[in-house]
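A short worksheet on the structure shown next.
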Amino acid sequence: AMERIVNQRSELYRHFMALDPDRTGTISRVQWADTMAKSLEGMEDVPFLTLQSKMCALDDNGRVLYIDFLERYKIEFMSDVLAEGRTFGDQIIEDLCLKIHAAMGGCNAEQAFKLFDVDNSGEIDYDEFVGTMKRLDCGLTDDQIFELNRGMDNDQDQVVDMSEFLERFESVFDAINEE
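When you number the sequence shown by our numbering, it's gap-free, plus one each residue, and the end is 159.
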């Protein structure tokens, strides 16, 4: 589903703009859900109205901020690399590792950890994680960054230590470095 949204961003944008003649950047929840179902081939039966709260933000009037929604799906997907059972989260991790690897001119997971551990405490707190993700311009929303961070904090102590970081990132960096 996420890959289809990424592949249809420009088409979705055109449909959303047609529903927004005043260029407010917002459409109704029903318009958003209908456009998603009609525009994404093979997804007519997906309950987009129900999923809306997880997929996009609303303004103060309860209208979908469609520009923000489209910005959430700017991660580049590599379809030919995806295998059965891979999740959107797995793809986010892979894309993030590739971006870090390129930005650092090559690195392993331990070196990437140091990029996030800004204060050299041996732990990555939430602010360090968010700040590094924003500097990397990873294309994720605050909610997605939060979920990614929380998903790594296995012991729920509000920080990600080296072992937790390696558990999520090491195999991906190893694979990148083997290529």
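From the three backbone atoms N, C-alpha and C, an ideal C-beta is built for every residue, glycine too. Keep in mind it's a predicted model, so treat the numbers as computed, not measured.
Are V152 and D105 touching if we call contact CB-CB under 9 Å? At the C-beta level, V152 and D105 stay beyond 9 Å of one another.
Please confirm whether any heavy atom of the ligand GDP lies closer than 8 Å to the CB of I73. In terms of ligand content, the structure shown is empty, and the ligand GDP therefore cannot be addressed.
In the structure shown, what three-state DSSP assignment does L(-1) receive? DSSP places L(-1) in coil when its eight states are reduced to three.
Would the beta-carbon of D154 fall within 9 Å of that of N88? In this structure, N88 lies closer than 9 Å to D154 by Cβ.
Delimiting residues of the beta strand (DSSP E) encompassing E103: 103 to 105 is the extent of the beta strand (DSSP E) around E103.
Could you tell me if N157 is buried or exposed, where buried requires 16 or more neighbouring beta carbons within 10 angstroms of its beta carbon? In the assembly as shown, N157 is an exposed residue. Its beta-carbon has fewer than 16 other beta-carbons within 10 Å.
Hey, would you say T6 sits closer than 9 Å to L(-8), going by beta carbons? Not a contact, by the Cβ cut-off of 9 Å.
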